[in-house]
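Taking numbering that gives the first Met the number 0, the leading residue of the sequence shown gets 0, the next gets one more, and so forth. All C-beta atoms, glycine included, are put in the ideal place defined by N, C-alpha and C. One structure is given here, and the rest of the page talks about it.
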Amino acid sequence: MCMLYSQEYEGERNDSNQRHGQGRALLPNGDVYEGKYRNGKRHGRGLYVFRGGARYEGQWKKGVKHGEGKFQYPDGSWYEGTKQSLEQLLHLETANTCTVHGQ
């Protein structure tokens, strides 16, 4: 059995028909992203809402979370901070008012 997964997208595109500029995508798993794209990847400020209710609002770079952002869980708890790469968290604040500073 072959299953095709599509996603709905409304927004700007570049000359290569890639997502580019402001847009909104409904992904096959029910997640939704609304924000900026560059050459087909999330890039700039955006809001990603997971099907289960969690959400991330913040900066993206080349398709990954990068820069300032806030991740909120369905129970209302949250993490807010700055990332420079997938591994490096520079500053973190949580719903419990705990503050962590890294390198």
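Asked                                                                          : Found
Backbone secondary structure at L3 - three-state DSSP                          : Here L3 scores only 46 on pLDDT, less than 50, and its place in the model should not be relied on; the value that follows carries that caveat. Reduced to three states, the DSSP call for L3 is coil.
Whole beta strand (DSSP E) elements within the region 46–90, 3-residue minimum : 54–60, 63–71, 77–82
Buried or exposed (CB count within 10 angstroms, at least 16 for buried), Y17  : Per the sequence shown, the amino acid found at residue 17 is Gln instead of Tyr. Exposed, by the Cβ-count rule.
Buried versus exposed, by CB contacts within 10 Å (16 or more), Q58            : buried
Span of the beta strand (DSSP E) around G34                                    : 31–37
Check whether K35 and G20 have beta carbons under 8 Å apart                    : yes
Contact check, G29 vs R12, beta carbons under 8 Å                              : no
Top-ranked residue by Cα proximity to Y72, from T81, Q83, R54                  : R54
Cα-Cα separation between E67 and A24, rounded to whole angstroms               : 22 Å
Residue closest to S15, alpha-carbon to alpha-carbon, out of R37, D74, L26, Y8 : R37
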